[in-house]
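If you're matching positions, the sequence shown starts at 18 in my numbering and goes up one per residue.
Okay, structure first, notes after.
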Amino acid sequence: MKICSSVLWHLSLTDGVGPATAIRLLKSVCGLLLADLAEASQFKLDLISKIFSFSAHDFVMRCGLSQRAAEACVRGLADASLLHSEGELALRHGVHVVTLADAEYPQLLRNIHRPPIVLYIKGAKLKETPSIAVVGTRRANHYARRALELVVPELAASGWSVVSGGAVGVDTVAHELAIECRGHTAVVLGSGLLRPYPSTNKKLFESVVARGGSVVSPFPLEARPEKGNFPARNRVVAGLAKSCLVVQAPGRSGALITASYALAENRDVYAVPGAVDDVLSQGCHDLIRQ
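If you want it as structure tokens, here you go:
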């Protein structure tokens with residue numbers, strides 16, 4: 018792994034260091050904007066390794082970090098076991114790790130506001146193929162299934178990858194149909210790959226990998242499915258796709274959060290209408306009215 022990739026991975030394992038901090042460090046230490054990473058010289062990228070000698074004062078004065086973030090960086094970078102143990106786990110479980118400094122980091126995702134520093138991937142590497150996020154309620158009924166049965170086979174036949182969050186309901190049906198149609202599907206988890214959530218879908222995730230798909234997470238391998246992880250998961254779902262299709266979503270639904278992220282990144286958003294009095298379609302109707 019390249020030096021810059023290793024440093025970014027190490028930073029991602031440090032408590033209190035997120036995408037905003039990593040991007041700020043790249044700019045202040047390497048003189049690189051996020052948009053420059055894919056084209057940057059190896060020499061420029063490797064300058065990031067200088068932060069191993071930084072004190073908390075250096076992080077504050079040279080990089081503009083808060084005292085709290087600076088101290089977190091110093092503690093995390095001083096603990097070599099963080100990266101070593103995570104690397105051992107990834108190797109043991111056949112997990113591919115991609116950072117913002119790597120050319121194979123998905124360009125669509127790289128283009129969003131504050132993309133994740135690291136992606137953990139089980140199965141096929143993410144390809145630059147047309148992709149659509151398919152999201153919706155966990156309480157999907159026969160109407161949602163019928164809508165997906167009409168749409169997903171057409172997408173698969175046209176070479177589109179179906180991206181979703183692996184949740185029960187619409188997500189599960191979308192992944193299953195993509196597999197049945199021999200299309201590509203990518204599951205984005207709100208937990209680490211070694212703690213897949215929901216656990217009831219563990220066999221589905223294994224099937225996705227076995228059939229040439231990808232299971233992806235922006236979280237460390239053993240991260241638990243904390244409540245705060247799911248908005249970040251939704252941002253990745255939206256960020257990996259050119260378009261977003263909402264299939265059956267009530268007025269307050271995580272699917273609408275994904276749709277809002279897609280809209281914020283100027284991605285196309287579609288919604289399947291339902292019966293006028295169907296509360297499970299209220300969110301879709303609200304999107305259509307926009």
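Ideal placement from N, C-alpha and C gives every residue a C-beta, glycine not left out.
Please read all numbers here as calculations on a predicted model, not as lab measurements.
Start-to-end residues for the alpha helix (DSSP H) that takes in residue i
{"i": "A95", "result": "Q84 to A95"}
{"i": "A195", "result": "V187 to E197"}
{"i": "S260", "result": "Not the alpha helix (DSSP H): S260 falls in the beta strand (DSSP E), residues S260 to V264."}
{"i": "T275", "result": "G271 to A281"}
Burial state of residue i (16 or more Cβ within 10 Å)
{"i": "K323", "result": "As displayed, the chain neither begins before 18 nor continues past 307, which places residue 323 out of reach and without an answer."}
{"i": "H101", "result": "exposed"}
{"i": "N12", "result": "No answer is possible for residue 12: the residues shown for the chain start at 18 and end at 307."}
{"i": "V296", "result": "exposed"}
{"i": "V204", "result": "buried"}
{"i": "F247", "result": "buried"}
{"i": "A87", "result": "buried"}
{"i": "F69", "result": "exposed"}
Interface flag, residue i vs chain C, CB-CB below 8 Å
{"i": "C301", "result": "Of the chains in the structure shown, none is chain C; there is only one protein chain."}
Residue i versus residue j - alpha carbon distance
{"i": "N128", "j": "A52", "result": "7 Å"}
{"i": "G81", "j": "K144", "result": "36 Å"}
{"i": "V34", "j": "N283", "result": "27 Å"}
{"i": "A195", "j": "L221", "result": "12 Å"}
{"i": "H27", "j": "H130", "result": "21 Å"}
{"i": "G227", "j": "F76", "result": "First, the residue type needs correcting, since residue 227 is Ala and not Gly in the sequence shown. Each residue's alpha carbon lies about 44 Å from the other."}
{"i": "S270", "j": "F60", "result": "45 Å"}
{"i": "S32", "j": "R85", "result": "Correcting the residue type first, residue 32 is Asp in the shown sequence and not Ser. Distance between the alpha carbons of D32 and R85 is about 11 Å."}
{"i": "D96", "j": "D63", "result": "20 Å"}
{"i": "L25", "j": "A73", "result": "18 Å"}
{"i": "V190", "j": "T217", "result": "14 Å"}
{"i": "G93", "j": "A281", "result": "32 Å"}
{"i": "A294", "j": "A161", "result": "Before going on, a small fix: residue 294 reads as Asp here, not Ala. Those two C-alpha atoms are separated by around 15 Å."}
{"i": "L30", "j": "G182", "result": "22 Å"}
{"i": "S178", "j": "K142", "result": "12 Å"}
{"i": "V180", "j": "V46", "result": "35 Å"}
Cβ-heavy atom distance, residue i to the ligand GTP, below 7 Å
{"i": "L257", "result": "As presented, the structure is devoid of all ligands, the ligand GTP included, so that no description of it is given."}
Residue i vs residue j beta-carbon contact at 8 Å
{"i": "L304", "j": "A258", "result": "no"}
{"i": "I149", "j": "L262", "result": "yes"}
{"i": "R107", "j": "V115", "result": "The sequence as given places Ala at residue 107; Arg does not occur at that position. No, the pair does not count as a contact, with Cβ atoms beyond the cut-off."}
{"i": "G291", "j": "A272", "result": "no"}
{"i": "G186", "j": "R163", "result": "no"}
{"i": "P215", "j": "A184", "result": "yes"}
{"i": "V112", "j": "V264", "result": "no"}
{"i": "L117", "j": "L54", "result": "yes"}
{"i": "S260", "j": "Y278", "result": "no"}
{"i": "V225", "j": "V232", "result": "yes"}
Extent of the continuous beta strand (DSSP E) run through residue i
{"i": "H113", "result": "H113 to T116"}
{"i": "G229", "result": "Taken as a continuous stretch (DSSP letters only), G229 belongs to no beta strand (DSSP E), as it is neither H nor E."}
Three Cβ pairs or more, each shorter than 8 Å: is that satisfied between the stretch 247-257 and the stretch 154-170? As far as the Cβ criterion goes, the stretch 247-257 does not touch the stretch 154-170, which means the pair count is below three.
For the structure I just gave you, are there three or more beta carbon pairs, one from the stretch 102-121 and one from the stretch 187-204, closer than 8 Å? With fewer than three CB-CB distances shorter than 8 Å, the stretch 102-121 does not count as touching the stretch 187-204.
Any 3 or more C-beta pairs closer than 8 Å across the stretch 205-215 and the stretch 230-248: Three or more Cβ pairs closer than 8 Å define a contact, and the stretch 205-215 meets that threshold against the stretch 230-248.
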